[in-house]
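Visitor: From first to last, the protein sequence lines are chains A and B.
Numbering (our numbering) for the first sequence: 653 to 974.
Numbering (our numbering) for the second sequence: 20 to 498.
Virtual Cβ for every residue (Gly too), placed ideally from N, Cα, C.
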Amino acid sequence: MGKRILFLAFVIIGASAFALYQFLDFSAPEFMGTELVLSREIRLDVLTPAEGEPSDAKDDGRSKLRVAIAPAISPERSIRLYQGLVEYLARKVGREPVLLQRDTYGQTNDLLRYRKCDLALVCTYAFVRGESEFGAQILAIPVVDGATTYQSFIVVPQTSQATSLLDLRGKRFASADLMSTSGWLYPAIWLRNQGIGANQFFSEHLIVGSHDRSVRSVASGYADGAAVDSLVFDQVTADDPSILEKTRIIQKSSLFGMPPFIVSPQIDPELKQQLQSALLEAHKESAGKDVLAPLSIDRFVVPEDSLYDDIRDAVSVWETGE
Amino acid sequence: MMAAARNIQAEFLSKLWWWALSVPVHIKILGVGAVVALLFGTLTFLETTIVTERVLHRGLARSTYSIARSLSARIERPLATRDLYSVNEELKRTLALFPDVRYAVVRDSSGDVLAHTFLDSLPEDLVSADYGETLTKEGTIEVFGSNEGLIFNAIFPVLDSLGGSVQLGISDAGVEAELSAVRASILWSLVVCCGIGASLAILLTHIVACPIRHLAGAVEQIGLGNFGIRARPFGNDEIGNLASAFNTMAAQLESYRKEVQEKEQARQALLKRFVQVQEEERKSISRELHDEVGQGLSAALLAIHENCKYVGLPGNLCQKMELRLQELMDVVHNLAWQMRPSILDDYGLCCALERHAQQQSEQTGLQIDCECSCPSELGRLPGQVETTLYRVAQEAVQNVIRHARASRASLVVLRQDQHVILLVEDDGCGFQEKTTNIQDGIHLGLTGIKERVALCGGSVVIESAPGSGCTIRVRIPLG
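1. Starting from V162 of chain B, find everything on chain A with Cβ-Cβ shorter than 7 Å and list it in chain order.
2. Does any residue of chain B have a CB that is nearer than 8 Å to the CB of M831 of chain A?
3. For A203 of chain B and I725 of chain A, what's the separation of their Cα atoms in angstroms?
4. Taking G313 of chain B as the reference, give the member of B:I304, B:A192, B:H352 and B:P43 with the closest Cα.
5. Out of B:A56, B:E95 and B:S483, which one is the CA nearest neighbour of Q451 of chain B?
6. Does S165 of chain B come out as helix, strand or coil in the three-state DSSP assignment?
7. Does the contact criterion of 3 or more C-beta pairs under 8 Å hold for the region 784-800 of chain A versus the region 812-823 of chain A?
8. Using DSSP bridges, identify the partner residues of E687 of chain A.
9. Along chain A, in chain order, which residues have C-beta atoms closer than 8 Å to that of S165 of chain B?
10. What's the C-alpha gap between R821 of chain A and S855 of chain A?
11. Could you check what DSSP says for I949 of chain A in three-state terms: helix, strand or coil?
12. How about I86 of chain B and L187 of chain B: are their beta carbons less than 8 Å apart?
13. Could you tell me which whole alpha helix (DSSP H) segments of length 4 or greater appear in the region 264-308 of chain B?
14. Below 7 Å on C-beta distance, what does I727 of chain A contact in chain B?
15. What are the start and end residues of the beta strand (DSSP E) that includes V125 of chain B?
16. Please tell me whether S317 of chain B and R359 of chain B are closer than 8 Å, where the distance is taken between their beta carbons.
17. Looking at chain B, is there any beta carbon in it that lies within less than 8 Å of the beta carbon of L820 of chain A?
18. In whole angstroms, give me the CA-to-CA distance for V162 of chain B and S691 of chain A.
19. Quick check on the DSSP output: the beta strand (DSSP E) that includes Q789 of chain A runs from which residue to which?
20. What residues from the region 654-678 of chain A come within 9 Å of chain B, judged by C-beta to C-beta, listed N to C?
21. For Y84 of chain B, decide whether its Cβ has a neighbour in chain A, counting only Cβ atoms nearer than 8 Å.
22. Please list, in chain order, the residues of the region 60-74 of chain B that have any C-beta partner in chain A closer than 9 Å.
23. Please report the distance separating the alpha-carbon of I914 of chain A from that of Y757 of chain A.
24. Interface residues of chain B around R732 of chain A at Cβ under 9 Å?
25. Nearest by alpha-carbon distance to K898 of chain A: which of A:A879, A:R868 and A:F675 is it?
26. Alpha carbon to alpha carbon, how far is R292 of chain B from E311 of chain B?
27. For Y960 of chain A, which option in A:F675, A:S812 and A:R781 has the closest C-alpha, if you only look at C-alpha atoms?
28. Which residues of chain A have a Cβ atom closer than 8 Å to the Cβ of K143 of chain B, listed in chain order?
29. Give every residue of the same chain whose Cβ lies closer than 6 Å to the Cβ of C370 of chain B, excluding the five residues on either side of it in the sequence, and list them in chain order.
30. Between the alpha carbons of G183 of chain B and Q735 of chain A, how many angstroms are there, rounded?
31. Please work out which residues of its chain come closer than 7 Å, Cβ to Cβ, to A939 of chain A, disregarding the five sequence neighbours upstream and downstream, and give them in chain order.
32. Would you mind sorting F662 of chain A into buried or exposed? The rule is 16 or more other CB atoms within 10 Å of its CB.
33. Could you work out which residues of chain C lie near Q753 of chain A, taking near to mean beta carbons separated by less than 8 Å?
34. Whose C-beta lies closer than 7 Å to the C-beta of I731 of chain A among residues of the same chain, with five residues either side of it excluded?
35. Taking Q735 of chain A as the query, report the chain B residues whose CB atoms sit under 8 Å from its CB, ordered along the chain.
36. Please state the DSSP three-state secondary structure of K47 of chain B.
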């Protein structure tokens with residue numbers, strides 16, 4: 653009897669211990685499929701001087717191809733779009749790729765002006781300014797949907813009653829940059845032609861940094877209207893079709909020459925030649941097509957200089973106030 | 020050798036088991052309570068701290084990841100335009116907003132450090148190149164041990180790693196403090212629970228052990244002969260039932276003893292009466308023998324002696340008849356003496372004993388000394404006492420003659436104010452009192468002695484050992 657009870661007690665204790673062992677979970681916690689266990693030991697008090705300069709600015713002997721992209725599209729978005737093209741070009745000229753972006757068109761122009769970059773994709777207005785200020789030269793321009801031109805769209809929220817730019821008087825108006833043809837030069841000149849001073853026409857003029865932000869500021873109702881690059885508008889609405897339901901185009905400009913790739917007049921002619929060839933022939937090889945496709949670019953061409961005459965005139969009129 | 024070792028082991032285990040079983044009941048109950056409380060407490064403490072630690076660490080990992088991710092989103096634009104000042108400002112802001120953030124390091128796509136939250140230099144271990152290699156689209160999270168405790172380290176890409184990466188470390192000091200607080204809280208709760216548990220266990224122990232102790236005390240009293248003791252029933256449980264059964268048993272024992280006592284009293288009274296009647300009968304027969312038969316025989320002897328010559332009987336026949344009558348008279352006299360010596364009634368115990376001793380010495384050749392110390396001023400002893408002592412001495416001497424094979428015996432009577440003592444000693448073979456058979460003559464004789472003395476309220480002490488003779492000491496109180 654005693655032995656049986658003793659045996660039973662041991663069996664129950666054993667079973668309980670096993671159940672407990674099964675129930676208690678001593679494993680390390682997990683997060684995102686990673687076991688949170690000590691992976692290494694570090695010391696936070698053994699210091700070493702940090703390498704202060706970013707690699708793209710360092711002169712470490714390796715030759716680099718520095719390409720600046722003006723923020724027609726937000727830098728954080730355009731880096732994804734243009735990285736491939738920059739790498740392609742660099743590969744073509746046998747250099748390390750460096751993609752440079754700045755907050756404004758003016759700063760992007762300065763990169764080229766002060767030889768901080770070799771090649772820059774800029775707005776037409778910025779090109780005209782660069783051309784007049786430091787002799788910037790067009791290397792090639794993209795052909796999109798078979799065209800070498802683009803437009804400025806005046807965009808308002810879907811719910812807006814406005815039918816033209818004139819209806820936006822006293823409203824909040826968004827532009828990508830003051831040195832943008834489609835974002836500011838077109839509406840300013842158009843209003844001027846109507847005999848209206850653009851600087852006083854709107855209650856608030858928002859400089860939002862890029863065209864995609866202009867579109868989104870209208871879609872979200874933050875701005876009552878905006879003038880945007882037609883190429884960027886098409887790209888943004890292709891990425892996010894809901895924007896088409898929230899916005900409406902009430903006015904379109906005449907056609908402008910495409911934003912060009914420009915170089916400094918001091919550029920090494922050989923490099924200039926190599927870059928131009930690379931651009932003009934990109935569409936002929938599959939690697940080139942792969943990098944052009946996300947940008948909706950068919951190919952690059954060298955434009956007639958007269959393509960930008962209208963802009964040159966408009967800039968002249970706008971800046972001199974004639 | 021092996022068998023010896025096994026034996027030692029078995030003996031040790033047996034002793035250990037016995038020792039465990041010998042622990043008092045209340046200690047056993049308390050021990051069980053303590054073991055259960057300790058086991059439960061330890062498990063609860065372990066499980067709770069482990070679970071809490073796991074939850075807090077997972078929360079910390081989530082925070083680390085979220086902060087790194089949000090920082091990555093906030094520095095996308097400044098990093099895309101290489102606005103390192105803004106990047107630095109964001110890092111500083113993050114450090115100010117989240118006090119647990121120990122460091123943040125921003126690298127470009129090739130892994131070079133662009134900005135960090137250390138003053139001038141940054142830890143060597145954080146500069147190591149392989150951080151960039153572990154970069155994935157969803158980011159990674161790792162746990163580092165460091166000289167400042169655990170560090171949850173998250174690396175998150177900026178602009179899908181085109182812009183570089185952000186590395187963020189959160190110290191677990193805050194979590195550790197919370198964990199310590201949780202541990203302390205659980206520990207205190209356990210201490211309080213243990214305290215309450217111990218009090219309840221003591222109470223339970225008292226409830227369980229008190230009736231047992233009480234019952235054990237009652238059993239002890241029963242062992243001492245106190246049959247009047249009763250166990251208090253503390254309830255109607257098993258122990259209560261045991262107490263009731265005990266009480267029934269005690270009551271039966273008491274009633275049985277009362278019955279035995281009554282029977283004993285009746286037996287004693289009967290015995291007393293029997294002895295008394297026997298003595299009276301003996302006295303009467305002795306007197307009859309002495310007075311009637313003795314006198315008749317004396318008269319017959321005298322008649323024969325006077326008239327023999329006249330009836331013409333031959334002289335030798337007359338002499339034979341006289342001799343025969345004389346012998347008959349001696350027999351009758353002895354018989355009367357044996358039945359009841361008149362000297363005992365007439366001259367008291369001392370004379371009777373001296374005479375008896377002398378007579379037995381003469382008859383058996385055993386040397387019997389008799390010494391009486393009965394001061395005459397104290398007067399005669401009560402008749403019953405004298406008779407009892409005489410009969411005891413008679414029986415004792417008879418025993419010596421029959422069984423002791425002694426060469427010498429002595430009778431001593433000492434009379435004091437309140438009691439009288441009779442000592443009967445011999446130098447015979449002695450005996451082992453306990454081993455004597457109840458059917459033995461010695462045993463029967465001794466039992467008779469004890470019974471007789473007991474009727475007078477006295478006591479008997481018998482000292483004997485094989486080869487050492489025997490001493491019987493009888494003490495009878497007077498008055």
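Guide: Considering the structure as presented:
1. Locating residue 162 of chain B in the second sequence gives position 143, where the first residue counts as 1. Going along chain A in sequence order, the residues near V162 of chain B (Cβ under 7 Å) are L688, V689, L690 and S691.
2. Along the first sequence, one-based indexing puts residue 831 of chain A at 179. It does not; no Cβ of chain B falls within 8 Å.
3. On the second sequence, position 184 is the one that residue 203 of chain B refers to. On the first sequence, position 73 is the one that residue 725 of chain A refers to. When rounded, the distance between both Cα atoms is 56 Å.
4. Translated into positions along the second sequence, residue 313 of chain B becomes position 294. Comparing Cα positions, the closest option is B:H352.
5. To locate residue 451 of chain B, count along the second sequence from 1; it is residue 432. For the residues B:A56, B:E95 and B:S483, the minimum Cα distance to Q451 of chain B belongs to B:S483.
6. By one-based count along the second sequence, residue 165 of chain B stands at place 146. In the structure shown, S165 of chain B sits in a strand (DSSP, three-state: E or B).
7. no
8. Taking the first residue of the first sequence as 1, we reach residue 687 of chain A at position 35. DSSP lists A:E682 as partners of E687 of chain A.
9. Mapped onto the second sequence, residue 165 of chain B falls at position 146. By Cβ distance, chain A contributes E693, I694, R695 and L696.
10. Position 169 of the first sequence, counting from 1, holds the residue named residue 821 of chain A. Position 203 of the first sequence, counting from 1, holds the residue named residue 855 of chain A. Near 7 Å, if we compare the C-alpha coordinates of S855 of chain A and R821 of chain A.
11. Taking the first sequence and counting its residues from 1, the one referred to as residue 949 of chain A is at position 297. Coil.
12. The residue you call residue 86 of chain B lines up with position 67 of the second sequence. The residue you call residue 187 of chain B lines up with position 168 of the second sequence. Yes, the pair counts as a contact, with Cβ atoms nearer than the cut-off.
13. none
14. For this step, residue 727 of chain A is matched to residue 75 along the first sequence. What sits at residue 727 of chain A in the sequence shown is Pro, not Ile. Going along chain B in sequence order, the residues near P727 of chain A (Cβ under 7 Å) are R96, A99 and T100.
15. Counting from one through the second sequence, the residue named residue 125 of chain B turns up at place 106. Note, V125 of chain B: beta strand (DSSP E), V120 to R126.
16. Numbered from 1 along the second sequence, position 298 holds the residue referred to as residue 317 of chain B. Numbered from 1 along the second sequence, position 340 holds the residue referred to as residue 359 of chain B. No, Cβ-Cβ distance for S317 of chain B and R359 of chain B is not below 8 Å.
17. The sequence position of residue 820 of chain A within the first sequence is 168, counting from 1. No, its Cβ sits nowhere closer than 8 Å to a Cβ of chain B.
18. Along the second sequence, one-based indexing puts residue 162 of chain B at 143. Along the first sequence, one-based indexing puts residue 691 of chain A at 39. Distance between the alpha carbons of V162 of chain B and S691 of chain A is about 6 Å.
19. Taking the first sequence and counting its residues from 1, one reaches residue 789 of chain A at position 137. Looking at the DSSP string, the run of the beta strand (DSSP E) that includes Q789 of chain A is Q789 to V795.
20. L672, F675, L676, D677 and F678
21. Start at 1 with the first residue of the second sequence, and residue 84 of chain B comes out as number 65. Yes, Y84 of chain B lies at the interface with chain A (some Cβ there is under 8 Å from its Cβ).
22. L62, L65, E66, I69, V70, E72, R73 and V74
23. For this step, residue 914 of chain A is matched to residue 262 along the first sequence. For this step, residue 757 of chain A is matched to residue 105 along the first sequence. About 13 Å.
24. Within the first sequence, numbered from 1, the residue matching residue 732 of chain A stands at position 80. Those within 9 Å of R732 of chain A in chain B are L178, D179 and L181.
25. The count along the first sequence starts at 1 and reaches residue 898 of chain A at position 246. Considering only alpha carbons, the answer is A:R868.
26. In the second sequence, residue 292 of chain B corresponds to position 273, counting from 1. In the second sequence, residue 311 of chain B corresponds to position 292, counting from 1. One C-alpha to the other measures close to 27 Å.
27. Residue mapping note: residue 960 of chain A aligns to position 308 of the first sequence, counting from 1. Of the candidates A:F675, A:S812 and A:R781, the one whose C-alpha sits nearest the C-alpha of Y960 of chain A is A:R781.
28. For the purposes of this step, residue 143 of chain B is taken as residue 124 along the second sequence, with counting starting at 1. A small correction: the amino acid at residue 143 of chain B is Glu; Lys does not occupy that position in the sequence shown. Neighbours of E143 of chain B on chain A, chain order: R695, V698, L699 and T700.
29. Here residue 370 of chain B corresponds to residue number 351 of the second sequence, with the count starting at 1. Excluding sequence neighbours, C370 of chain B sits near I362.
30. As a first step, residue 183 of chain B is located in the second sequence; it is residue number 164 there, counting from the start. As a first step, residue 735 of chain A is located in the first sequence; it is residue number 83 there, counting from the start. Distance between the alpha carbons of G183 of chain B and Q735 of chain A is about 13 Å.
31. Working through the first sequence from its first residue, we reach residue 939 of chain A at position 287. Closer than 7 Å at Cβ, skipping near neighbours: Y740.
32. For the purposes of this step, residue 662 of chain A is taken as the residue at position 10 of the first sequence. F662 of chain A is exposed by the Cβ-count criterion.
33. Annotation note: the requested chain C is absent from the structure, which comprises protein chains A and B.
34. Start at 1 with the first residue of the first sequence, and residue 731 of chain A comes out as number 79. Within the same chain, I731 of chain A has close Cβ partners L751 and Q753.
35. Your numbering for residue 735 of chain A matches position 83 in the first sequence. In chain order: L181.
36. The residue you call residue 47 of chain B lines up with position 28 of the second sequence. It is helical.
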